[in-house]
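*Asks:*
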Amino acid sequence: MPVSPVSPSHRWVAFVLCFFFGILGIHRFYVGKVGTGLLYLFTGGLCGIGWLIDLIMTACGSFTDKAGLPLKL
Numbered sequence: 001m002p003v004s005p006v007s008p009s010h011r012w013v014a015f016v017l018c019f020f021f022g023i024l025g026i027h028r029f030y031v032g033k034v035g036t037g038l039l040y041l042f043t044g045g046l047c048g049i050g051w052l053i054d055l056i057m058t059a060c061g062s063f064t065d066k067a068g069l070p071l072k073l
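The opening position of the sequence shown corresponds to residue 1 in the UniProt record's numbering, with each subsequent residue numbered one higher.
1. Short of 7 Å in beta carbon distance, which residues of its chain neighbour L55, apart from the five on each side in sequence? Order them along the chain.
2. Just tell me which of F42, C60, L52 and F15 has its CA closest to the CA of V31.
3. Counting along the chain, where does the alpha helix (DSSP H) carrying V34 start and finish?
4. If you count every other CB in all the chains shown that lies within 10 Å of the CB of G25, and 16 or more means buried, which is it?
5. Enumerate in chain order the residues of its own chain whose CB-to-CB distance from H27 is below 6 Å, with the five nearest sequence positions on each side excluded.
6. Going along the chain, which residues of its own chain have a beta-carbon closer than 8 Å to the beta-carbon of G48, five neighbours each way excluded?
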């Protein structure tokens, strides 16, 4: 039975970082998405809309790291 790869980053850490520092994009830096992390940093989390979407995606488990791998529980 093949094992699907997962990210070394943890989902709960990304969620907490997103909840408290999502406007600054810190959760995106944590999972390796530096480009969009800088975009969030300079635009206030895409005016809060991107932050809210990332918060929901992280809570649901569909947020991925830079390589597209799902985050660890």
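Where a beta carbon is used, it is the ideal one built from N, C-alpha and C, also for glycine. Note that the coordinates shown come from a computational prediction; the quantities given were computed from them, not determined experimentally.
*Replies:* With the given structure in hand:
1. Start at 1 with the first residue of the sequence shown, and residue 55 comes out as number 55. Counting only Cβ-Cβ distances below 7 Å, and skipping sequence neighbours, we find C18, F19 and G22.
2. Counting from one through the sequence shown, the residue named residue 31 turns up at place 31. The shortest C-alpha separation from V31 is found at F15.
3. In the sequence shown, the residue the question calls residue 34 occupies position 34. V34 to C47 is the extent of the alpha helix (DSSP H) around V34.
4. Taking the first residue of the sequence shown as 1, we reach residue 25 at position 25. Looking at its Cβ environment, which holds 16 or more other Cβ atoms inside 10 Å, G25 is buried.
5. As a position in the sequence shown, residue 27 is number 27, starting the count at 1. Cβ within range, chain order: A14, L17 and C18.
6. Indexing the sequence shown from 1 puts residue 48 at position 48. Excluding sequence neighbours, G48 sits near I23.
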